[in-house]
Each structure stands twice: as structure tokens, then as C-alpha cells.
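Structure first, commentary second.
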Amino acid sequence: MIKYIIKRLLQMLVVLFVVSLVVFIFTNYIGDPISMLLPEDASQEEIQQAIRRLGLDKPIHVQYGIFVKDILSGNFGKSYVFSRPALELIIERIPATLEIVITAMIIAIVLAIPLGVYAGAYPKRRSSKVIMAGSILGISLPSFWVGMMMIYIFSVILGWMPASGRGEAIEVFGMRLSIFSMSGWRHIMLPALTLALGNIAMLLRLTRAGMQENMRQDYVKFARAKGVSPKKVLFGHALKNALIPVVTVFGVRIGQLIAFTTITETIYAWPGMGKLLIDSIYMADRPIIVAYLMLVAVIFVVINFAVDIIYTLIDPRIELR
Amino acid sequence: MGNKLLEVKELRTYFHTFKGVVKAVDGISFSLEEGEILGIVGESGSGKSVTSFSILKLIEEPGVVEAEEILFKGEDLFRKSEKDMMKVRGREISMIFQDPMTSLNPLYTIQQQIEEMLKLHGNFNEGQRKERCIELLRLVGIPNPEDRLKSYPHQFSGGMRQRVIIAIALAANPKLIIADEPTTALDVTIQAQILKLMKELVYNEGASLILITHDLAVVSQMADRIAVMYCGKIVEEGSTDDIIKNTAHPYTKGLLNSIPRLNKNLNRLEQIPGMVPNMFDLPRGCKFAPRCKYSKEKCLVEEPKNIIVGRGHRTACHFPLKEGYILD
Amino acid sequence: MTTSAKSQQPKEKEDISIKERLNRIRSSEFIYNYKRNIPAIIGSIIIALALFVAIFGPLFAPQNPYDLTEIDLADAYKPPFWQEEGDSRFILGTDDQGRDILSGIIYGSRVSLFIGLTVMLMSCLIGTSLGLLSGYYGGKIDSLIMRIADIQLSFPSMLIALFIMSAFGRGVDKLLIALTLVGWVIFARTVRGETLSLKKKEFIEATKVIGLPNYKIIFKHVLPNVFTSVIVISTIKVGDFILTEATLSFLGVGVPITEPSLGLLVKNGFDVLFSGLWWVSVFPGLYIMMLVFGINLLGDFLRDELNPKLK
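Residue numbers (the working numbering), protein chains in the order written: chain S, 1 to 321; chain C, 1001 to 1328; chain Y, 2001 to 2311.
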């Protein structure tokens, strides 16, 4: 077990190293930091000075070394736009993003798993076919467009929900969260639903596929031969096995959700880290882009690790190697 | 002995697919006495497994089971509701499957899977259930049963798993056990152990056994009577002795000749020429005729009726290898 | 005629006919199920229509939105023709520049479909080749390719594409590269997995025993067997690529404004949505949805028919 964890930690380091290399190479193409930092009428001498100060005159591998050293010490530089440390700016916005990600996750689980079990257990029924066709429609929807349509219908036409922004945030467990206030709820529903939509369809299909596959297995037939009722076979035997891949894929989907908040947050002007990333890309605000990517890379690597551990807990066949 | 436990009359299981109807089991009748071991032998695709699932009405779409009647202890299973069948399955008739690797639910412990049976078909409290689990595991020869209760199926070898499955099958003291190729997936050395164990247990518990296999050699050591199936029909049925010594059907003869015998110095094994016919496109007359070296014109056009060739020994052949008379 | 010749001839003939029959059964079962699968037929019709519109659209589009001489600012903000202020020349209304929405969709769908299909072809080609290589030869190439794939797969492809595009800047060519960079992985993964299991099969081992050169084994025996999976993934992925492209364009890092795809049209509509000009964004979005829905309907059927194990 300890050996496995050490091995995984080393793998995680390798991944983060590769990511840092890729990020370093590509960010060199994002915008021109000199023009971002200096006024347009800067003199040649000022430009040279800035280049030296940013270390852009040094050989590329030395630049990378400095880059890694800065990252390890948590120093991503100051945002060109906000003139504040990039990492700080992002961390400030994490609670807002986590809020919609978690709300969307809960919506997706509550809706998708029962529907998936139903469609997998009774594939011949008309209602199952409707559910499946609906799920195909669900994965075909452009989420940015759905977001816009929801705003148009629920805010512009009906006026039920606010069109954008985040509700009143209250300090909870040291984080500023909006889901504990009434206005927070009204603000979060539309973005969370938009974010959940694609995941409902995906989770539903995964659950159904797992159910159908397990319903064909010998142990299900054996359970029937033991005299177990069809319902118990369904929920006691097949569902438990079907949920294993759902749990693992869902872990990975949390990462996807964090990525997709960039879209949702942009549409709803939600002050999370996704919107910050998009704004920074428009402004070529390099430090923030780098800090965002490295932070998100760490989050993903940790999530993947956690998923592997959970996997071994729910499936007795898997042993850590 | 002598009491009929199971009487299957004109069982038909058809699968309706778009390519046509597959008559997996096509009008077979057989019976079983209390305490008897019946072997059903046939090549793969002969309908022997479908027969076993049909008795318990566990055939799924697009399969349809039809029967004149399936009498078990005098009650007609064919006309029982699904709810009543649930009380028969496991309690009265239990099954042992072919592949021990996939028959157990990988996510439950051995104890949970045996207890499921005890909860369904008995009134035990928690302590009694545990006692019974240990007793059952000991009965099927699993060493240190107390320690293995909390194990998961993947921690057992194939042979050990099949023992667990036998323990589950025996848990509710059923009157009939149907074993569908119980040893096919196991090593040869373990096969013999499992078969011996099954024979002993069936005898000691006073149960009956239907042993389904493609291996005539296995059946001849185990069974009191044998039914040979070919293309969804029983082509010969009789006591084990009669089937082996007074073989009446050319197909049975073919099967017997293809068993290797160590003490006989045969240079080459005989084989049955040809292949099992396509189930969508069965021959018109005797299903075996195209592969039969004794076949005549009549065999190709007319389906053979049952012929009694001895006491409790019948065959469906126009020209049996043994003299007989046509029943009715 | 001698007896031996007589008995041999039909046997030979039977060999062919069994093979033929098997083929016929396989193809007929596929066709049979297809004809009874209404969603698959609907999907095919949508795809066929979309392709027709994309190829021949400019011939009957009311307007060429690229041609500034055809556009009149006086026509701006016209609602669809059934509304009071609608104009029968602009069936689905016009945008803030006076461009016809319907024409915009026709021309935009050309960009979207071109990107989706090209990326699919490139990803398929690169991914399948790498997958075959990786699975068939194993060893160092395999572990290198698969490590890259693993690392990529642990990040959402949307995010990777977004990052690459923000570095490259807008452009159709850059989009093709960025989307292919994220798209090849799924092909490589699947093909490698199937090649690995094929390699263990007797018929492949047999070809090795008779000394067939590797490239022949790969092309004649391995490739045909992974082909169905490649077709399924390709179909499903086209929809995926079109959606990702639309999303990137919506975020402003996709196609340039000179070559508006459907996603960019929606973005243009977003800016005016709050002033009630719903038609500018609703119709392009609906078109994306229909297009991807059609592709996914067909893809879903193909998966169920050809390889249900694919995710």
C-alpha cells in the first residue's frame, strides 16, 4: 500500500513536470509581455531593461529553470492587469467555482443514476427509449447555447432568475460561499443546471450500459436461479457492479466540470476562476494563465489519485500494486 | 425410490429471431425419480442447457417456453406464476452453473452469498445462519471454513469456487439439483473431485440430480440413467448400462466411439463426420441423418418416432442398432 | 468424371458459399437492424441534409455574407419573417450588420463541418497509425505513446484545446492542429487495445508462423479487424469536434471573424440577446444542435451494432 502510494506520487510528479514543460513552451507564444508591461511610447532602453528584468535575454533552458523554481515557490508573478500575485487572484476565486461544480454534480447524480438504472433494467420499454433519445440530445447540446437560452427564457422573458453574477456570499469554513443565502441560490441555479446538463446525459448512459452489461452476467442468472426476486437482482446485484465504472468516470468528470466552468462562468458572468482564465486569455495576462494551468493540473492529478484509491475501496478485486 | 419427482412432457423452447425461429428444445419428454441421477448428454447447441433453464422458466426474450406440463412433485411448474416460481427456485430446485469464475457476484463475500439463500428460503437467525454457512462449506470440503467466510470469490481458485456454488445450491435442502456442465471449466484432476463430491452429497441429502454435460465418459460414471440430445430432441434414453452396452442410436454409438480408452490399443479414434447442422436450417427428416453412416432415404424425409428397444430404453431412429417396437 | 473430382468440386464450392453466406448474413443483419432503427434513419437524414446544404448551399443561399456589397446596414436587426417587422427576404431575420441569418448558417455550417470532418480524418489517421504501431510492436514506442496519451487523457480536451488556441491565436488552420492534437488520443487508445488482444489470437499468430512480413500482417489482418471500432469512434467524434470548435469559437479563441462558424454566429448573437434580438443566436445554436444530434443518433446505432463495448 505504501509502496503503491509512493509509486503514484512519483508518477504524479512526472506528469506535473511534463505539464510544466508544455505550459512553458506554449506560454512563450501567448502575447508579448513587454508590450503588456510597458507603455506604448517606451524607449528602446526601457524595453531592454524590461527584457533583462524578466530574464528573457537568458538561454531558453535557463529560463525554464527559473520558471520551475518560481512555480515551486508558488511565485507565478504579478498579473499584468490586476498588478497582484496571480496565484492569490486565482485562489480567491476557487470557492465560487467549486460551488457551481459541486451543485452541478449533485444535480447530475440525483437525476442521472435513477434514470440510467431504469433504462438499463427495462430497455424494451417505451419510456426507456425516450430517456435514451433524450440523453443523446443531451450530449449533442452546445452548453454555451443552452446557457444563453436559459438566460433568455428564465431571466429575460419570465424574469424568474437573475441573468448573471453571483449572489450574496457568506463566510463559511473560511471560504466565501453564496449557496447559504437566498440570493445565492437564485443566482446559482441556472449556471449549475447548464453545467450539469451534459453530465446528466453522460452519467445516465454510463449507468445504463453498466446495468445492461451486468444483467447479462452469469452471476445475475445464478441469483435468479437462487430464487432472488427480479427487483433484488436489479438493485442488490447488478446495480452495485454497474456503479463501479460510474464512480471512477465521475471522478474524472469533476475535472471536466472544472474545465467547462470556463464557459458557464463566461456566460453567466460568474466570478470564478474559469471566467478569470478567459478574461486573462483575452488580455494575454500570462502569469494568470500559467498559474491557472498549473493549479488545475495539480487538482486533476490529485483527483485521479483519489479516484484510484476509491476504486480499490469499492471493488474488492482490485489490489494496490 | 420409485416416486416420480419430475416429469417433463413435450417441452418446447423456441427463440424467435429475425432470421427465423430456433427450435432449441423441440418437444422433449423425460422423467426423474427421487434420488435418481439423470445425465443429459449432447454436443454444444443440442439444447441441453436451454432444457435446464426452461424447467426453472429462466428463459429470457426472445425465447418462449411451451410445454404440455412440467410436473414437479405433482405440481405443474409450467402453469405457475413468476412469484410462485421464485419459491421453487433455490428452495426446491437449485442450479449449478458451468463457469464458477462468473457465477458468483464479485462484490459480495462468500458468507453474504450463501446467506442470501438462507434468508430467502428459511427461518434462521443471524447466529444460525453463520453456523449453517460454516457447516455447508465444511460439507463441500473447504478447509478452515470459519476463516473463509469473509473472503471474496476472486480469492478462491476455480475448483474452490465451484465448491462454494455447490454449497449455495445445497443450502436450502433442495429436492432437485440441476448441474449444467459443472466441471467443464475446471482442471481434469479437480473435475473428478467435484463429481465425486456431488455424487456423495446428492446421495446423502436424498436429492435428485440432473447432470448436463457434453462428456459421455463423465456421465457414465455418475448417472443412473442417460438421455442423449441432438438438435433439440432426445434421440435415446435409457439406463446407463443400456446406453453403453446396448446402444441403439447411431449418434450415441458415435459419441461412445469417440471416447479415448487407455486400455484399448486403438490407433485412431473414431469421429462423427460432418458438423451439427445450422439451427435455422434443420434437415427435414431425422436431424442426424446427414451425418449418419446408416442413413437411408426414409431418414431424410420422415422424422423418426420413439421406439422402445428395451425396458426403460427408447430411441428415436428409423433403423436402430437394436431391435425394438414402435410405441403407439 | 471421376468420383474424386466429383466429391472435391462441391466441397470447394461450399467453402466459398459458406464465406459468402456469412458475409451476407452479417451485412443483412446490419441492414435489417438499420431499417428498423428509426433514430439511426433520422440521424442519417439529418447528416445527408447537412452535407447537402454545406456543399450546395452557396448556390441557393439568399445572400453571400462574405460579400460586403450584398449587405446593407439598413437591413440590420430584422426579426424572422413571421414577426411583424419581419422581411420576407430574410426568413430567419438579420443580425446587427444586416446579414441574413439563414445565409450565415449555411456558410457557417460549411466552416463547422469542414473543421469537424478534417479533424476527424487527421485524428483518425494519426491515432490509428500510432495505435497500430503501439499495439503491434509494443516496447519503448508503445510506452512512450501511451504515456503521452495517459497524460493528455488526465486533462479535459476542451481545456487543452483552449490553451493551445490561446497560444496560437485564432485561425482555421490552428484550430485543425489544436483539435487534432487532442483528438488522436482516443483513436490510438482504442486501436492499441484491440491490436493487443488481436495479437494473442490464433489467426494472427498463424500469419506470423507462415512468415508474413509485419506490414502485411498489420494491413491485411489487424487493420480490417479494428476497422469497425474506428468507424464508430470517427462518427461519434465528428460531433464532438464540431461541438468543441463551436465552444472555442464562442469563447473567442476559435475561428477568425472573417470565417464565422456556427459557434461564432452564436457568440455574435450573445452580445445582442439581452436587447431581445433572440433570433441571431437561437437559429445558429439550433442548427449546431440538430447537426450534432443527427451525428450522435447514427453513431449510437453504429456503436450498438458494431462494437457495443466502446465507450
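Built from N, CA and C at the ideal position, the CB exists for glycine as well.
| Check | Outcome |
| --- | --- |
| DSSP three-state label for M1001/C, please. | With a pLDDT of only 47 at M1001/C, under the threshold of 50, the placement of this residue in the model should not be trusted; the figure read from the coordinates follows. In this structure, M1001/C counts as coil in the three-state DSSP scheme. |
| Is A2005/Y helix, strand or coil when you go by DSSP? | Only weak support exists for where A2005/Y lies, its pLDDT of 37 falling under 50; the value from the coordinates is given anyway. Reduced to three states, the DSSP call for A2005/Y is helix. |
| Would you mind working out which of E1034/C, N1123/C and I1040/C sits nearest P1182/C, comparing C-alpha positions? | I1040/C |
| Give the interface partners of S229/S over in chain C, defined as CB-CB distance under 8 Å, in chain order. | M1086 |
| Measuring alpha carbon to alpha carbon, tell me which of G147/S, F76/S, I318/S and L87/S ends up nearest T261/S. | G147/S |
| Taking the beta strand (DSSP E) that I1212/C belongs to, which residues open and close that run? | S1208 to T1213 |
| Pull up the distance between the alpha-carbon of F2274/Y and that of S2281/Y, whole angstroms please. | 11 Å |
| If you draw a straight line from the C-alpha of A1227/C to the C-alpha of L1038/C, how long is it? | 7 Å |
| Could you tell me which residues DSSP pairs with H1016/C in its beta bridges? | V1021/C |
| Among the candidates V2222/Y, G2239/Y and P2260/Y, whose CA atom is the shortest distance from the CA of V2292/Y? | G2239/Y |
| In whole angstroms, what separates the C-alpha of P1100/C from that of E1092/C? | 22 Å |
| Since M2290/Y and I2046/Y are thought to touch, with beta carbons under 8 Å apart, how far apart are those beta carbons, to the nearest angstrom? | 6 Å |
| So I1110/C and L1149/C are in contact, right, with Cβ under 8 Å, and what is the actual spacing, rounded? | 6 Å |
| Which residues in chain C have a C-beta closer than 7 Å to the C-beta of P217/S? List them in chain order. | Here residue 217/S turns out to be Gln, not Pro, going by the sequence shown. Within 7 Å Cβ-Cβ: T1102. |
| If distances are taken between C-alpha atoms only, which option among V2222/Y, S2197/Y, L2297/Y and S2261/Y comes closest to L2113/Y? | S2261/Y |
| What residue range is occupied by the uninterrupted alpha helix (DSSP H) comprising Y1230/C? | From DSSP, Y1230/C is part of no alpha helix (DSSP H) but of the beta strand (DSSP E) over R1225 to Y1230. |
| For M1117/C, which residues in the same chain have their Cβ closer than 7 Å to its Cβ, ignoring the five residues on either side in sequence? | G1090, I1168, A1171 and A1172 |
| Where do the N-terminal and C-terminal ends of the beta strand (DSSP E) with M175/S fall, by residue? | M175 to L177 |
| Just the chain Y side, please: which residues come within less than 8 Å of Q63/S by C-beta, in chain order? | Within chain Y, no residue comes near Q63/S; the closest Cβ sits about 16 Å away, beyond 8 Å. |
| Just how far apart, CA to CA, sit R1161/C and N1144/C? | 15 Å |
| Consult DSSP for P1273/C and reduce its assignment to one of helix, strand or coil. | coil |
| At the level of alpha carbons, what is the spacing between S229/S and S1081/C? | 13 Å |
| Using 8 Å as the Cβ pair cut-off and three pairs as the minimum, do the region 2240-2247 of chain Y and the region 2108-2127 of chain Y touch? | yes |
| Below 8 Å, can you find three or more Cβ-Cβ pairs linking the region 219-237 of chain S to the region 139-153 of chain S? | no |
| The alpha helix (DSSP H) spanning R208/S covers which residue range? | M182 to M215 |
| Can you tell which of A1316/C, D1084/C and M1095/C has the C-alpha that lies nearest to the C-alpha of L1176/C? | M1095/C |
| In terms of DSSP beta bridges, what is V172/S paired with? | M175/S |
| Quick one: which residues of the region 236-252 of chain S get their C-beta closer than 7 Å to a C-beta of chain C? List them in chain order. | H237, K240 and N241 |
| Could one say the Cβ of L1186/C lies closer than 8 Å to chain S's Cβ atoms, at least one of them? | no |
| Going by CA-CA distance only, name the one from E2305/Y, L2130/Y, A2206/Y and G2254/Y that's closest to K2174/Y. | G2254/Y |
| So with Cβ pairs under 8 Å, would you call E1116/C a contact of chain S? | yes |
| Is it buried or exposed, Y29/S, if we count other Cβ atoms within 10 angstroms and call 16 or more buried? | exposed |
| Starting from the C-beta of G2320/Y, find all residues in its chain whose C-beta is less than 6 Å away, skip the five residues before and the five after it, and write them out in chain order. | Within the shown structure, residues of chain Y are numbered from 2001 to 2311, placing residue 2320/Y beyond reach of any answer. |
| Using the DSSP secondary-structure output, state which residues sit across from S1031/C in a beta bridge. | E1007/C |
| Tell me the DSSP secondary structure of M1095/C in three-state form. | strand |
| State buried or exposed for D285/S, treating a residue as buried only when at least 16 other CB atoms are found within 10 Å of its CB. | buried |
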